[in-house]
Amino acid sequence: MKALRKGRYVARLAETPADLEAAQGLRSLAFRGAHATLDGDQFDPLCQHLLVEEVRGKRLVCCFRLLPLRCGAEIGNSYSAQFYELSALRDFDGPMVEMGRFCIHPETRDPDILRVAWGAMARFVDETGAQMLFGCSSFHGTEAEMYMDAFALLKERHLAPKRWLPRVKAPNVFRFARALRLRKPDLKQATLAMPPLLRTYLLMGGWVSDHAVVDRDLNTLHVFTGLEIGAIPPARARLLRGVAG
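To convert, take the position in the sequence shown, counting from 1, and add 27; that gives my numbering.
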(Lines of atoms letter the chains of each structure in order from A and count residues from 1; the text may use other names and numbers.)
(Lines give C-alpha, C1' and ligand atoms only; values in the text may rest on other atoms or scores of the structure.)
Protein backbone atom coordinates (compact mmCIF):
# COMPACT_ATOMS: atom_id res chain seq x y z
CA MET A 1 0.00 0.00 0.00
CA LYS A 2 1.32 3.42 -0.97
CA ALA A 3 1.56 6.11 1.68
CA LEU A 4 -1.56 8.26 2.02
CA ARG A 5 -1.00 11.95 2.71
CA LYS A 6 -3.89 14.18 3.76
CA GLY A 7 -3.35 17.63 5.25
CA ARG A 8 -1.05 17.47 8.28
CA TYR A 9 -0.82 13.67 8.32
CA VAL A 10 0.58 10.77 6.36
CA ALA A 11 -0.46 7.12 6.77
CA ARG A 12 1.91 4.34 5.74
CA LEU A 13 2.74 0.73 6.48
CA ALA A 14 5.61 0.01 8.85
CA GLU A 15 8.76 -0.97 6.96
CA THR A 16 11.48 -1.42 9.57
CA PRO A 17 11.98 -2.85 13.07
CA ALA A 18 12.16 0.76 14.29
CA ASP A 19 8.71 1.42 12.83
CA LEU A 20 7.28 -1.57 14.70
CA GLU A 21 8.97 -0.50 17.92
CA ALA A 22 7.45 2.98 17.56
CA ALA A 23 4.00 1.43 17.14
CA GLN A 24 4.52 -0.80 20.18
CA GLY A 25 5.61 2.25 22.17
CA LEU A 26 2.47 4.19 21.26
CA ARG A 27 0.31 1.18 22.09
CA SER A 28 2.02 0.91 25.45
CA LEU A 29 1.41 4.58 26.18
CA ALA A 30 -2.25 4.38 25.14
CA PHE A 31 -3.16 1.11 26.86
CA ARG A 32 -0.73 0.73 29.75
CA GLY A 33 0.61 4.17 30.68
CA ALA A 34 3.76 6.21 30.23
CA HIS A 35 6.15 3.97 32.18
CA ALA A 36 5.13 0.57 30.82
CA THR A 37 7.32 -1.65 28.68
CA LEU A 38 6.71 -1.99 24.95
CA ASP A 39 3.37 -3.59 24.09
CA GLY A 40 4.14 -6.61 21.91
CA ASP A 41 2.78 -10.12 21.44
CA GLN A 42 2.95 -13.17 19.21
CA PHE A 43 0.60 -11.62 16.63
CA ASP A 44 2.88 -8.70 15.77
CA PRO A 45 5.11 -10.70 13.39
CA LEU A 46 2.03 -11.97 11.54
CA CYS A 47 0.50 -8.54 10.96
CA GLN A 48 1.07 -5.48 8.86
CA HIS A 49 1.26 -2.31 10.95
CA LEU A 50 -0.23 0.97 9.80
CA LEU A 51 1.21 4.22 11.15
CA VAL A 52 -0.27 7.72 11.00
CA GLU A 53 2.39 10.39 11.45
CA GLU A 54 2.52 14.16 11.41
CA VAL A 55 4.07 15.33 8.15
CA ARG A 56 6.20 17.85 10.02
CA GLY A 57 8.36 16.19 12.62
CA LYS A 58 7.17 12.64 11.84
CA ARG A 59 5.58 12.25 15.28
CA LEU A 60 3.51 9.05 15.46
CA VAL A 61 -0.07 9.92 16.41
CA CYS A 62 -2.00 6.75 15.57
CA CYS A 63 -1.35 3.12 14.77
CA PHE A 64 -3.08 -0.20 14.33
CA ARG A 65 -2.25 -3.61 12.94
CA LEU A 66 -3.84 -5.64 10.18
CA LEU A 67 -4.10 -9.42 9.86
CA PRO A 68 -5.46 -10.60 6.47
CA LEU A 69 -7.28 -13.95 6.39
CA ARG A 70 -8.23 -15.81 3.23
CA CYS A 71 -11.71 -16.67 4.57
CA GLY A 72 -13.65 -17.44 7.72
CA ALA A 73 -12.08 -20.88 7.98
CA GLU A 74 -8.94 -19.11 9.26
CA ILE A 75 -10.70 -17.04 11.93
CA GLY A 76 -9.32 -19.25 14.67
CA ASN A 77 -5.89 -17.77 13.89
CA SER A 78 -7.00 -14.26 14.82
CA TYR A 79 -6.29 -12.29 17.99
CA SER A 80 -10.04 -11.98 18.62
CA ALA A 81 -10.47 -15.74 18.69
CA GLN A 82 -8.61 -15.81 22.02
CA PHE A 83 -11.58 -14.04 23.63
CA TYR A 84 -14.66 -14.93 21.56
CA GLU A 85 -16.08 -18.20 20.30
CA LEU A 86 -16.22 -17.43 16.57
CA SER A 87 -17.28 -20.72 15.00
CA ALA A 88 -20.27 -19.04 13.31
CA LEU A 89 -17.88 -16.91 11.25
CA ARG A 90 -16.02 -19.95 9.89
CA ASP A 91 -18.68 -20.08 7.18
CA PHE A 92 -17.87 -16.58 5.93
CA ASP A 93 -16.81 -17.22 2.34
CA GLY A 94 -14.52 -14.32 1.49
CA PRO A 95 -11.30 -12.54 2.46
CA MET A 96 -11.29 -10.90 5.89
CA VAL A 97 -9.03 -8.43 7.70
CA GLU A 98 -8.67 -8.18 11.46
CA MET A 99 -7.86 -4.68 12.72
CA GLY A 100 -6.31 -4.63 16.17
CA ARG A 101 -4.49 -2.55 18.77
CA PHE A 102 -6.00 0.65 17.33
CA CYS A 103 -4.88 3.67 19.35
CA ILE A 104 -4.42 7.42 19.03
CA HIS A 105 -1.81 9.35 20.98
CA PRO A 106 -3.52 10.42 24.24
CA GLU A 107 -2.29 14.00 23.89
CA THR A 108 -3.94 14.54 20.47
CA ARG A 109 -7.54 15.56 19.83
CA ASP A 110 -7.60 16.19 16.07
CA PRO A 111 -10.52 14.34 14.40
CA ASP A 112 -8.59 14.37 11.11
CA ILE A 113 -6.34 11.64 12.54
CA LEU A 114 -9.24 9.20 12.65
CA ARG A 115 -10.34 10.23 9.15
CA VAL A 116 -6.88 9.59 7.73
CA ALA A 117 -6.66 6.26 9.56
CA TRP A 118 -9.99 5.12 8.09
CA GLY A 119 -8.98 6.39 4.66
CA ALA A 120 -5.85 4.24 4.83
CA MET A 121 -7.93 1.31 6.03
CA ALA A 122 -10.31 1.77 3.07
CA ARG A 123 -7.36 1.70 0.69
CA PHE A 124 -5.98 -1.45 2.33
CA VAL A 125 -9.39 -3.17 2.16
CA ASP A 126 -9.79 -2.28 -1.52
CA GLU A 127 -6.29 -3.47 -2.39
CA THR A 128 -6.69 -6.80 -0.56
CA GLY A 129 -10.27 -7.42 -1.68
CA ALA A 130 -11.43 -7.94 1.91
CA GLN A 131 -15.14 -8.53 2.34
CA MET A 132 -15.25 -8.26 6.13
CA LEU A 133 -13.37 -6.11 8.62
CA PHE A 134 -13.42 -7.22 12.25
CA GLY A 135 -11.67 -6.80 15.58
CA CYS A 136 -12.09 -5.86 19.23
CA SER A 137 -13.36 -2.34 19.96
CA SER A 138 -12.29 -1.13 23.38
CA PHE A 139 -13.81 1.01 26.11
CA HIS A 140 -11.21 2.44 28.50
CA GLY A 141 -11.27 0.84 31.94
CA THR A 142 -12.96 -2.31 33.19
CA GLU A 143 -15.99 -0.86 35.02
CA ALA A 144 -19.10 -1.43 32.92
CA GLU A 145 -21.16 0.99 35.01
CA MET A 146 -19.47 3.91 33.23
CA TYR A 147 -20.90 2.80 29.88
CA MET A 148 -24.41 1.54 30.58
CA ASP A 149 -26.12 3.82 28.06
CA ALA A 150 -23.57 2.94 25.37
CA PHE A 151 -24.07 -0.79 26.01
CA ALA A 152 -27.85 -0.33 26.04
CA LEU A 153 -27.63 1.35 22.63
CA LEU A 154 -25.49 -1.49 21.29
CA LYS A 155 -28.07 -3.98 22.61
CA GLU A 156 -30.96 -2.10 21.05
CA ARG A 157 -29.58 -1.27 17.59
CA HIS A 158 -26.27 -2.91 16.77
CA LEU A 159 -26.13 -6.59 17.74
CA ALA A 160 -24.60 -9.00 15.24
CA PRO A 161 -26.89 -10.95 12.92
CA LYS A 162 -27.67 -14.33 14.46
CA ARG A 163 -25.78 -16.16 11.72
CA TRP A 164 -22.50 -14.43 12.73
CA LEU A 165 -23.08 -13.87 16.45
CA PRO A 166 -19.94 -14.53 18.57
CA ARG A 167 -20.45 -16.68 21.65
CA VAL A 168 -18.88 -16.39 25.08
CA LYS A 169 -15.38 -17.79 25.51
CA ALA A 170 -13.50 -15.50 27.92
CA PRO A 171 -13.87 -16.25 31.65
CA ASN A 172 -14.80 -12.68 32.62
CA VAL A 173 -17.51 -10.99 30.54
CA PHE A 174 -20.36 -8.52 30.88
CA ARG A 175 -23.43 -9.92 29.10
CA PHE A 176 -24.93 -6.53 28.37
CA ALA A 177 -27.66 -7.72 25.99
CA ARG A 178 -29.07 -9.87 28.79
CA ALA A 179 -28.37 -7.53 31.72
CA LEU A 180 -29.79 -4.44 29.98
CA ARG A 181 -32.70 -6.16 28.25
CA LEU A 182 -35.24 -3.67 29.61
CA ARG A 183 -33.06 -0.54 29.64
CA LYS A 184 -33.66 2.23 27.11
CA PRO A 185 -30.49 4.19 26.31
CA ASP A 186 -30.02 7.91 26.75
CA LEU A 187 -28.82 8.63 23.22
CA LYS A 188 -26.73 11.66 24.16
CA GLN A 189 -24.94 9.85 26.97
CA ALA A 190 -24.51 6.75 24.83
CA THR A 191 -22.89 8.73 22.03
CA LEU A 192 -20.56 10.57 24.41
CA ALA A 193 -19.41 7.30 25.99
CA MET A 194 -18.90 5.42 22.71
CA PRO A 195 -15.23 5.06 21.68
CA PRO A 196 -14.48 6.90 18.39
CA LEU A 197 -13.37 3.73 16.61
CA LEU A 198 -16.54 1.86 17.53
CA ARG A 199 -18.71 4.86 16.66
CA THR A 200 -17.20 4.88 13.17
CA TYR A 201 -17.78 1.15 12.75
CA LEU A 202 -21.43 1.62 13.67
CA LEU A 203 -21.93 4.56 11.30
CA MET A 204 -20.82 2.28 8.48
CA GLY A 205 -23.23 -0.50 9.43
CA GLY A 206 -21.00 -2.47 11.80
CA TRP A 207 -22.32 -4.82 14.47
CA VAL A 208 -21.09 -6.16 17.81
CA SER A 209 -21.16 -9.19 20.09
CA ASP A 210 -23.86 -9.40 22.76
CA HIS A 211 -21.27 -9.29 25.54
CA ALA A 212 -18.12 -7.37 26.45
CA VAL A 213 -14.87 -9.00 27.54
CA VAL A 214 -13.17 -7.64 30.67
CA ASP A 215 -9.49 -7.37 29.69
CA ARG A 216 -7.52 -6.44 32.80
CA ASP A 217 -4.20 -6.80 30.96
CA LEU A 218 -4.99 -3.81 28.71
CA ASN A 219 -7.40 -2.18 31.20
CA THR A 220 -10.30 -2.28 28.75
CA LEU A 221 -13.74 -3.65 28.13
CA HIS A 222 -14.02 -4.74 24.52
CA VAL A 223 -16.71 -5.98 22.18
CA PHE A 224 -16.21 -8.04 19.06
CA THR A 225 -16.98 -5.81 16.09
CA GLY A 226 -17.71 -6.85 12.52
CA LEU A 227 -18.28 -4.84 9.36
CA GLU A 228 -19.35 -6.46 6.10
CA ILE A 229 -17.83 -4.29 3.39
CA GLY A 230 -20.70 -4.82 0.97
CA ALA A 231 -23.16 -3.50 3.57
CA ILE A 232 -21.50 -0.09 3.99
CA PRO A 233 -23.99 2.61 2.91
CA PRO A 234 -22.95 3.99 -0.51
CA ALA A 235 -22.60 7.56 0.78
CA ARG A 236 -20.25 6.42 3.55
CA ALA A 237 -18.24 4.31 1.12
CA ARG A 238 -17.81 7.32 -1.18
CA LEU A 239 -16.58 9.45 1.71
CA LEU A 240 -14.01 6.84 2.74
CA ARG A 241 -12.77 6.33 -0.78
CA GLY A 242 -12.58 10.09 -1.19
CA VAL A 243 -10.17 10.25 1.73
CA ALA A 244 -8.32 7.20 0.44
CA GLY A 245 -7.74 8.98 -2.84
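All residues carry an ideal CB built from backbone N, CA and C; glycine is no exception.
Query: Note the first and the last residue of the continuous alpha helix (DSSP H) segment covering P223.; Result: P223 to L230
Query: What is the DSSP secondary structure of I102, counted as helix, strand or coil?; Result: helix
Query: To the nearest angstrom, how far is it from the Cα of M231 to the Cα of L141?; Result: 14 Å
Query: For R202 and D237, I'd like the C-alpha separation in whole angstroms.; Result: 6 Å
Query: How many angstroms separate the CA atom of Y228 from the CA atom of A147?; Result: 15 Å
Query: Looking at G127: is its Cβ nearer than 9 Å to the Cβ of L93?; Result: yes
Query: What do you get for G269, buried or exposed, if any count of 16 or more other CB atoms within 10 angstroms of its CB means buried?; Result: exposed
Query: Considering only residues of the same chain and omitting the five flanking positions on each side of D120, which have a CB-CB separation below 8 Å?; Result: C98 and G99
Query: CA-CA distance, H167 and P133?; Result: 12 Å
Query: Please state whether the Cβ-Cβ distance between V143 and L31 is less than 9 Å.; Result: yes
Query: Going by Cα to Cα distance, which pick from K33, A63 and L78 is closest to R39?; Result: L78
Query: Taking the beta strand (DSSP E) that I131 belongs to, which residues open and close that run?; Result: M123 to I131
Query: Tell me the rounded alpha-carbon separation between M175 and D242.; Result: 17 Å
Query: List the whole-angstrom C-beta distance separating A49 from L87, where the pair is believed to meet the contact cut-off of C-beta under 8 Å.; Result: 5 Å
Query: If you check the beta carbons only, do C130 and A179 fall under 9 Å apart?; Result: no
Query: Tell me the DSSP secondary structure of L96 in three-state form.; Result: strand
Query: What's the gap between the Cα of A264 and the Cα of I102?; Result: 25 Å
Query: Which whole-angstrom value is the C-beta distance of E81 and R136, which I expect to be below 8 Å?; Result: In fact, because the Cβ distance is near 14 Å, the residues do not count as touching under 8 Å.
Query: Since P193 and Y111 are thought to touch, with beta carbons under 8 Å apart, how far apart are those beta carbons, to the nearest angstrom?; Result: 4 Å
Query: Quick check on the burial criterion: 16 or more other C-beta atoms within 10 angstroms. Buried or exposed for K215?; Result: exposed
Query: Count the other CB atoms within 10 Å of the CB of P222; is the residue buried (16 or more) or exposed (fewer)?; Result: buried
Query: Taking 9 Å as the cut-off, decide whether the C-beta atoms of H76 and L96 are in contact.; Result: no
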